[in-house]
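J.: Residue numbers (our numbering): 1 to 289.
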Ligand code: SAM
């Protein structure tokens, strides 16, 4: 008599700090090699559908609400009247979904370099890709660096929803790119960027903050905590031509918007900028305004 043995399937994200995060999966839904990275979507046992680029977790259905609430609503409720928004990266569509909930936003341009990320998300993660056909969304498959260098458009808010500083995202972490960002922002403009981990990536976090310090009059950084990024506590950098994310935050705008959230609220908006002491010590020389 033959015994049937079930083999458990896992995806594993290995980190340079000598640990890995393993997720039990039911099945692989998408697996393609693009010009830029390997793109996959798996159906996990405990975190819903999961998008991975080169084996790194990008989004999961279970915790994507945290990242997408915090990248979008902190700048969009700091800016007094955001009409024209640019997203660099963001191929899963979650950031665009949150931006388009703001009635003041007339146009959101999303510049994602890898069409396979968009394809995988459209096919298998409707939770984040549900607004990719919104008439107010202008989706371009292009290098965000090239787009910014050549556009004459001006944006009220720019969101850099990119992968970490390697591969196609490398130039998104250098000063030439942020000079182009500065020149593409309106006079009240704000830029928020994926700001890495204060625990594991403080070097790249500080080098990004140093670039912002040299380019913008207001520089800050704020934190959120999710389930699937290494260490849990991750950051967004905030830079603007004048607006402060806390002093210029009018919490009544949240009430008037009638929007409901799963992670973001007025207290989280303010407290996200309260940094643990080790992180304050590390970043304080770059913060201003
Ligand atoms: N939330 C994720 C995180 O924090 O890592 C990022 C989400 S999204 C999937 C990141 C996207 O940035 C990827 O789809 C990647 O293809 C895109 N990207 C990387 N470099 C880019 C570039 N130079 N221009 C446009 N998109 C880029």
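For every residue, glycine included, the Cβ atom is placed at its ideal position computed from N, Cα and C. Keep in mind that this is a model prediction, so the values were computed, not measured.
Helix, strand or coil, according to DSSP, for residue 14 in the structure here?
T.: strand
J.: Check whether the region 196-204 and the region 102-110 touch, using three or more Cβ-Cβ pairs below 8 Å as the test.
T.: Taking a cut-off of 8 Å for Cβ pairs, the region 196-204 and the region 102-110 do not touch, as fewer than three such pairs fall below it.
J.: I'd like to know if the region 35-44 and the region 76-90 are in contact, where contact means that at least 3 CB-CB pairs between them fall below 8 Å.
T.: no
J.: Residue 220: buried (16+ other C-beta within 10 angstroms of its C-beta) or exposed?
T.: So residue 220 counts as buried.
J.: Quick test of the definition: if touching needs 3 or more C-beta pairs under 8 Å, does the region 180-194 touch the region 239-253?
T.: yes
J.: For residue 151, which option in 181, 160 and 125 has the closest C-alpha, if you only look at C-alpha atoms?
T.: 181
J.: Identify whether residue 266 lies in helix, strand or coil by the three-state DSSP scheme.
T.: Helix, per DSSP.
J.: Which term fits residue 37, buried or exposed, when burial requires 16 or more other beta carbons within 10 angstroms of its beta carbon?
T.: By the neighbour-count criterion, in which a residue is buried when 16 or more other Cβ atoms sit within 10 angstroms of its Cβ, residue 37 is buried.
J.: Which stretch, first to last residue, makes up the beta strand (DSSP E) that contains residue 225?
T.: 218-225
J.: In the DSSP assignment, find the unbroken alpha helix (DSSP H) run with residue 256 in it and report its ends.
T.: Unbroken alpha helix (DSSP H) run through residue 256: 252-257.
J.: If you scan the region 77-141 from start to end, which runs of the beta strand (DSSP E) of 3 or more residues do you find wholly inside it?
T.: 84-89, 107-112 and 137-141
J.: Drop a sphere of 10 angstroms on the beta-carbon of residue 7, count the other beta-carbons inside from all chains shown, and report buried for 16 or more, exposed for fewer.
T.: Answer is exposed; the Cβ neighbour count stays below 16.
J.: Are three or more beta carbon pairs between the region 223-233 and the region 172-181 nearer than 8 Å?
T.: no
J.: Once you ignore the five residues that flank residue 145 on each side, which residues in its own chain have a CB closer than 6 Å to its CB?
T.: 171 and 177
J.: Please tell me whether residue 95 and residue 120 are closer than 8 Å, where the distance is taken between their beta carbons.
T.: no
J.: Should the region 9-22 be called in touch with the region 47-64, which here means at least 3 C-beta pairs below 8 Å?
T.: yes
J.: Who does residue 243 pair with in a DSSP beta bridge?
T.: DSSP output for residue 243 lists no bridge partner at all.
J.: Quick one: using the 10 Å Cβ neighbour count with 16 as the cut-off for buried, is residue 18 buried or exposed?
T.: exposed
J.: For the candidate residues 200, 97, 273 and 88, whose alpha-carbon lies nearest to that of residue 147?
T.: 88
J.: Applying the criterion that 16 or more other CB atoms from any shown protein chain within 10 Å of the CB defines a buried residue, is residue 113 buried or exposed?
T.: It counts as buried.
J.: With distances taken from CA atoms, which of 256, 248, 209 and 228 is nearest residue 287?
T.: Comparing alpha-carbon positions, the option among 256, 248, 209 and 228 lying closest to residue 287 turns out to be 209.
J.: How about residue 264 and residue 124: are their beta carbons less than 8 Å apart?
T.: no
J.: If you draw a straight line from the alpha carbon of residue 249 to that of residue 276, how long is it in whole angstroms?
T.: 22 Å
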